[in-house]
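Below: one structure, written as structure tokens.
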Amino acid sequence: MKQQHTLMKFDPATGAENPYPSHAEQWRKYRGAEAWLFNPWSGTRRLASDVGTDVFGLLVLPPGEPMYAMPRARPLSDELMDCVDRLGSECGSVDPRVWDHLLVYAPNERVAQRAAAIAA
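When we follow the working numbering, the leftmost residue of the sequence shown carries the number 1359, and every step to the right adds one.
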């Protein structure tokens, strides 16, 4: 779920009132890679350490807006299984060195067994 739905009152780069565009995501697309030196909802200058760790203001929340958790990423084993399936179905003969390289990163036996079966 995305954050920062509340319309901004101040320009994040200059601190000027009534920024264009006023929605955070649209502002980023319109202005490009420009540092957020000001809090666009309060107009206060951000600390240099905050700007350094969050240059584009992705972690700046409007007052009263809830914080949402990021969706969980897929486990690495699932990603590797997809890779093994794709290699097995798209490439009839795969250089065995590819499988050796892939098996180094296999987090569990199930992935290793599947890759070995396809390579055989």
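Beta carbons: idealized from backbone N, C-alpha and C, even for Gly.
Considering Gln1362, what are the terminal residues of the alpha helix (DSSP H) in which it resides? What you label residue 1362 is simply residue 4 of the sequence shown in a count that begins at 1. Premise fails: Gln1362 is in no alpha helix (DSSP H) and is neither H nor E.
Thinking just about the alpha-carbon of each residue, which of Trp1385, Gly1373, Ala1391, Cys1441 is nearest to the one in Val1413? If you number the sequence shown from 1, residue 1413 lands on position 55. Answer by Cα proximity: Ala1391.
Start and end of the alpha helix (DSSP H) containing Arg1389? The sequence position of residue 1389 within the sequence shown is 31, counting from 1. Residues 1382-1389.
What do you get for Gln1384, buried or exposed, if any count of 16 or more other CB atoms within 10 angstroms of its CB means buried? As a working note, residue 1384 is residue 26 in the sequence shown. Exposed.
Note the first and the last residue of the continuous alpha helix (DSSP H) segment covering Asp1408. Numbered from 1 along the sequence shown, position 50 holds the residue referred to as residue 1408. Segment 1406-1411, the alpha helix (DSSP H) holding Asp1408.
In the structure shown, what three-state DSSP assignment does Glu1375 receive? Here residue 1375 is taken as the residue at index 17 of the sequence shown, counted from 1. Residue state, collapsed to three classes: strand.
Alpha carbon of Met1359 to alpha carbon of Pro1370, nearest angstrom: The residue you call residue 1359 lines up with position 1 of the sequence shown. The residue you call residue 1370 lines up with position 12 of the sequence shown. Here the model assigns Met1359 a pLDDT of 45, short of 50, so the residue's position is not dependable, and the following value carries that caveat. Cα to Cα, the separation comes out at about 22 Å.
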